[in-house]
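Going left to right, the sequence shown walks through residues 295 to 509 as the working numbering numbers them. In what follows, a structure is listed as structure tokens, so that the remarks can point back to it.
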Amino acid sequence: MISRSRTQARLGDHVTHLMQCRRCPRMQSTPVSGGVVVSDVMLIGQAPGPREPVLQRPFAHTAGRTLFQWFEKFCGLSELIVRSTIYFAAVCRCFPGKTPNGGDRVPAPDEIRNCSSWIDEEIEILRPRLIIPVGRLAIARFINCATLDEVIGRKFRVERAQYRFDLIPLPHPSGASPWHKIPPGKQLTERAMRKIALHPAIAGLVDRHRRARRN
Ligand code: SF4
295 MISRSRTQAR LGDHVTHLMQ CRRCPRMQST PVSGGVVVSD VMLIGQAPGP
345 REPVLQRPFA HTAGRTLFQW FEKFCGLSEL IVRSTIYFAA VCRCFPGKTP
395 NGGDRVPAPD EIRNCSSWID EEIEILRPRL IIPVGRLAIA RFINCATLDE
445 VIGRKFRVER AQYRFDLIPL PHPSGASPWH KIPPGKQLTE RAMRKIALHP
495 AIAGLVDRHR RARRN
């Protein structure tokens with residue numbers, strides 16, 4: 295069994311290399327990382343917006359507010375605990391820039407391919423028990439996602455980087471789409487969050503956080 299300190303060191307090296315990555319010339323920022331958080335749980339977003347590179351953390355703006363409200367409401371975990379106990383990754387780690395109509399550009403297939411090796415390496419290092427992909431682009435990296443209705447509220451067993459784990463997808467919490475606010479998306483999102491709250495890997499995070507605070 296690999297020791298926690300060795301995993302911490304490998305993940306530290308990994309994040310250092312990730313922050314130096316410049317593979318995608320069309321990206322408009324350098325990579326954003328949630329830091330070196332050894333965890334049984336990975337949360338995978340789509341790509342940072344314009345504010346995240348400035349604030350140097352993922353989900354730093356309005357989408358993050360909604361996401362962290364879900365964790366507070368259903369799991370009893372504050373933003374601080376979520377950020378310090380869950381490893382944050384993304385389909386692409388750099389801000390793709392804006393489209394002519396002002397929305398965030400969706401990363402191109404070559405950029406998604408370029409960035410996927412970072413996720414594979416993180417799965418190999420962390421061997422997570424639970425992965426939470428947030429938004430269709432992130433979900434589609436693991437399972438077919440023709441519509442959110444078919445996948446939100448369900449748990450999947452998935453293999454990636456020669457490793458098996460549970461996958462519980464969430465919709466993107468950005469205000470750009472109302473899907474998670476109206477039926478059936480609202481109910482399906484709540485069902486997904488209840489599944490996340492009951493997952494043993496989440497319970498393990500809460501226990502570990504409480505023990506760390508006592509010591
Ligand atoms: S999007 Fe990913 S692969 Fe592309 S430059 Fe940023 S970190 Fe590197």
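Idealized CB from N, CA, C, for every residue including glycine. Keep in mind that this is a model prediction, so the values were computed, not measured.
The beta strand (DSSP E) enclosing residue i, as first and last residue numbers
i    : result
F459 : 457-461
G397 : Element bounds for G397: n/a, residue is neither H nor E.
Alpha carbon of residue i to alpha carbon of residue j, nearest angstrom
i    : j    : result
R316 : D404 : 13 Å
R407 : L374 : 31 Å
I296 : M487 : 30 Å
H474 : R505 : 34 Å
R320 : Q340 : 16 Å
I425 : R377 : 15 Å
C369 : I437 : 25 Å
K392 : P342 : 12 Å
I446 : T483 : 6 Å
P325 : T441 : 29 Å
V500 : V330 : 18 Å
Residue i classed as buried or exposed, judged by whether at least 16 other C-beta atoms fall within 10 angstroms
i    : result
L344 : The amino acid at residue 344 is misidentified as Leu; the sequence shows Pro. The residue is exposed, with fewer than 16 neighbouring Cβ atoms inside 10 Å.
H311 : exposed
S333 : buried
G429 : buried
L464 : buried
Y457 : exposed
I419 : buried
L361 : buried
G328 : buried
E416 : buried
S299 : exposed
M336 : buried
P494 : exposed
A402 : exposed
E346 : buried
Residue interval of the alpha helix (DSSP H) (run including residue i)
i    : result
I380 : Per DSSP, I380 belongs to no alpha helix (DSSP H) and is neither H nor E.
M487 : 479-492
L337 : Where L337 is concerned, there is no enclosing alpha helix (DSSP H), although the beta strand (DSSP E) it sits in stretches over 335-339.
P403 : 403-420
V348 : 345-349
T360 : 356-369
G306 : 298-313
I433 : 430-433
V445 : 442-445
Beta-bridge pairing of residue i - partner residues as DSSP gives them
i    : result
E453 : R458
I425 : M336, L461
K392 : D398
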